[in-house]
Amino acid sequence: MTHYAPNSWEARAEEFSLYGFTDLPSIRDRGTVVVTHGEGPYIFDTNGKKYLDSNSGLWNMVAGFDHKGLAEAAKAQYDRFPGYHAFFGRMSDQTVQLSERLIEVSPWDRGKVFYTNSGSEANDTMVKMLWFMGRAEGAPKKRKILTRGNAYHGVTAVSASMTAKPYNEVFGLPLPGFIHLTCPHYWREGRDGESEADFTKRLAQELEDVIAREGADTIAGFFAEPVLGAGGVIPPPAGYFQAMQAVLKRHDIPLISDEVICGFGRTGNTWGCQTYDFIPDAIISSKALTAGYFPMGAVMLGPQMTDRLQAAIDPIEEFPHGFTASGHPVGCAVALKAIDVVLEEGLMDMVHAGTGRMEAGLREIAKHPNIGELRGVGYMWALEAVREGKTPFEGTLSVSERIANTCTDHGLICRPLGQAVVLCPAFTLTDAQMDEMCEKLDAALRKVFAEIT
Ligand SMILES: *Cc1c(COP(=O)(O)O)cnc(C)c1O
């Protein structure tokens, strides 16, 4: 049953476009929101309806949808030099500058950067680098990759194998050799009577056991988001990264921080690893790297990884990998501007200043008996809906989809994830916009809970 006319934008979208990660019955029911433009944190559809996008696109549009400086940086670079690659000993001047800048803002005093078009490709690239290093070092068995339950590392065949979500079963994934450890979610995974500190200890012991079972010489790397993002905004339990890294170091297994969401301010610091006080061996960046104004990802190698990769390259004098648009000059020019906007022009300060207001607003909403947990940090939060205690609603009720759809009706975009609702707004949000977000969410939650309880 559709509610839109033939030849409408909604009908045309459905006839010719394939949808990723979309609940199709709800599209048939409600029609696609076809978006024409944005203003600050708001988007507008073809019917002129305005929505506050509390997810800043997909976590990435941190400077809002109409940042003049970012658009101008892109236009200026399109006029100067609209596109080039980074193969065969050539590279744009913008690419050179961005790599310098990324290492300057990294947690290390030296390192090197490799560019991709997306976060998925950056994770794939990192895995290929690890495999390449292992073989060059005479350890061809060193190929297994460790990630955690509910992790999201992307959708390409390798990064989807790292993504630990049940939906990948329909593709026959994960590939062999991708091992998923327990999700570090204390509220959900902690046992009765287990303290947070004991939970952390158990997860570190699990890592130790998996390494013993598989053999340290078969494991190429451990990948982790500082806060699991698409897994439902799950901050780590206290001491988690310190405990995990101690085990990894003992077995000489690199820790790669997938900072595709956390990188560039989302947690209130430049990197999520700073918020949780650890120094990874490599960083994966994308999303806010260009404030969403250009598709781009980056693999950033710390000192040790840089040296290992160089040693692997030396005998064959080439790293045989790269994308046509790796280090695209327009993307690099946009990223250089985005880094300035976030770090120098006050956007990250706005996250610092606004976190308290956001948390307080959501804590008020979370008093509702059907909210089991409020969790988050900086400008990434989730409210977990429950029937009661920790018991979820019946799946057939599609509670978080209902909440998201009700929000959409009221002009607020928010994201259903499992039975949680995720909020990760632009860093530019004013107090009034923050209040609008909380009020609209509160009204939608009350309406939906009243209907199903
Ligand atoms: C979004 C995301 C990716 C994948 O990035 P794409 O650009 O969508 O390929 C990888 N890792 C994390 C943590 C992400 O949130």
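All letters in the sequence shown, in the order written, are residues 1 to 453 by full-length UniProt numbering.
Ideal placement from N, C-alpha and C gives every residue a C-beta, glycine not left out.
Distance CB(residue i)-CB(residue j) smaller than 9 Å
i    : j    : result
I145 : F222 : yes
L429 : G378 : no
A444 : C407 : yes
L362 : C438 : yes
S285 : C273 : no
P237 : L255 : no
R143 : A164 : no
R402 : V342 : no
G322 : A122 : no
D198 : A426 : no
H185 : L228 : yes
Residue i Cβ short of 8 Å to ligand 1 heavy atom set
i           : result
W381        : no
Y115        : no
D192        : no
I261        : yes
N123        : yes
K128        : no
W187        : no
K112        : no
Y152        : yes
V155        : yes
P295        : yes
G119        : yes
D66         : no
residue 483 : Limits of the chain in this structure are 1 at one end and 453 at the other, which puts residue 483 out of reach.
I284        : yes
residue 526 : Residue 526 is absent from the structure shown; the chain starts at 1 and stops at 453.
G331        : no
S326        : no
S161        : no
G149        : no
E385        : Reading off the sequence, residue 385 comes out as Ala, not Glu. No, the Cβ of A385 stays beyond 8 Å of every heavy atom of ligand 1.
G229        : yes
K287        : yes
D258        : yes
E401        : no
E169        : no
E225        : yes
Inter-residue Cα distance where the pair is residue i and residue j
i    : j    : result
M162 : N47  : 40 Å
E373 : G177 : 34 Å
F21  : R415 : 12 Å
P174 : A76  : 43 Å
E10  : V421 : 25 Å
E318 : R90  : 14 Å
R101 : K337 : 11 Å
Q205 : G232 : 24 Å
E194 : E436 : 38 Å
A63  : K112 : 27 Å
A367 : R446 : Per the sequence shown, residue 367 should be read as Lys rather than Ala. In a straight line, the C-alpha of K367 is about 11 Å away from that of R446.
V247 : L207 : 7 Å
E72  : Y152 : 32 Å
M244 : A5   : 55 Å
Y19  : Y167 : 15 Å
R213 : A139 : 18 Å
R110 : R250 : 23 Å
Same chain, Cβ closer than 7 Å to residue i, neighbours up to 5 away in sequence not counted
i    : result
S120 : G154, V155, T156, S159
Cβ-based neighbour list, residue i, same chain, cut-off 8 Å, excluding 5 preceding and 5 following
i           : result
N7          : none
R308        : M133, E137
T324        : H85
T36         : F44, D45, T46
S400        : A385, P416, L417, G418, Q419, A420, V421
residue 477 : Because the chain here runs from 1 to 453, residue 477 falls outside it and cannot be looked at.
Residue of the options minimising C-alpha distance to residue i
i    : options               : result
F114 : N55, A220, A325, V299 : V299
A404 : S26, L102, A164       : S26
G302 : R202, E196, E72, I283 : I283
G327 : Q94, H67, V34         : Q94
I219 : A13, D252, K287, D340 : D252
I261 : M244, V247, A291      : A291
N117 : K68, P329, Y240       : P329
G38  : T32, Y51, D29, W108   : Y51
Y276 : P235, R375, Y19       : P235
K287 : R266, D314, G83       : R266
T453 : D349, I371, C183, F16 : I371
D442 : L412, D431, C424, R80 : L412
R357 : D29, P107, Q433, F278 : Q433
beta-carbon residue i near ligand 3 non-hydrogen atom, thresh 8 Å
i   : result
L58 : Absence of ligand 3 from the depicted structure is noted, with ligand 1 being the only ligands included.
Own chain partners of residue i with C-beta closer than 6 Å, once the 5 adjacent residues on each side are dropped
i           : result
A333        : A73, Q77, Q94
residue 475 : This structure does not reach residue 475, given that the chain is present from 1 up to 453, and the question cannot be answered.
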